[in-house]
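Counting with the working numbering, you get residues 2 to 95 for the letters of the sequence shown.
Notes follow once the structure below has been shown.
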Amino acid sequence: MHNICAKVNGEKRWMACNCLRGQYMRALEHSVPEWFFNDPSQCNLQDTATPMAGLPDCPHGISAVKALGIAGAHGQRIYTITQRINHGHPSVAC
């Protein structure tokens, strides 16, 4: 476990730092399994500039963040449930 502190300490800075770290960790959710389970000699990695003929595409790891990105890229509407919206719709469980 790591402890993070700043020279100028404040709640807003702490929240911003943790938000960025959270985004980074969520990005690793899909990329780490791809690194571990894909062998470039057995399959073509995603976005390879020079794919090897005859090799299949490597499997893709998936995370909630990646799934939302793919859905958004295909025009799917994505909603954010906030406390304000949740109070208006008690059937939505958060």
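For every residue, glycine included, the Cβ atom is placed at its ideal position computed from N, Cα and C.
- The stretch 26-83 is shown to contain whole alpha helix (DSSP H) runs of 4 or more residues at 65-74, in chain order.
- In the three-state reduction of the DSSP assignment, N19 falls in the helix class.
- As the crow flies, the alpha-carbon of L69 is around 13 Å from that of E30.
- Fewer than three beta-carbon pairs drawn from the stretch 16-23 and the stretch 36-47 are found closer than 8 Å, and the two stretches are therefore not classed as touching.
- The DSSP-derived three-state label of K13 is helix.
- A Cβ-Cβ contact shorter than 7 Å links V66 with R27.
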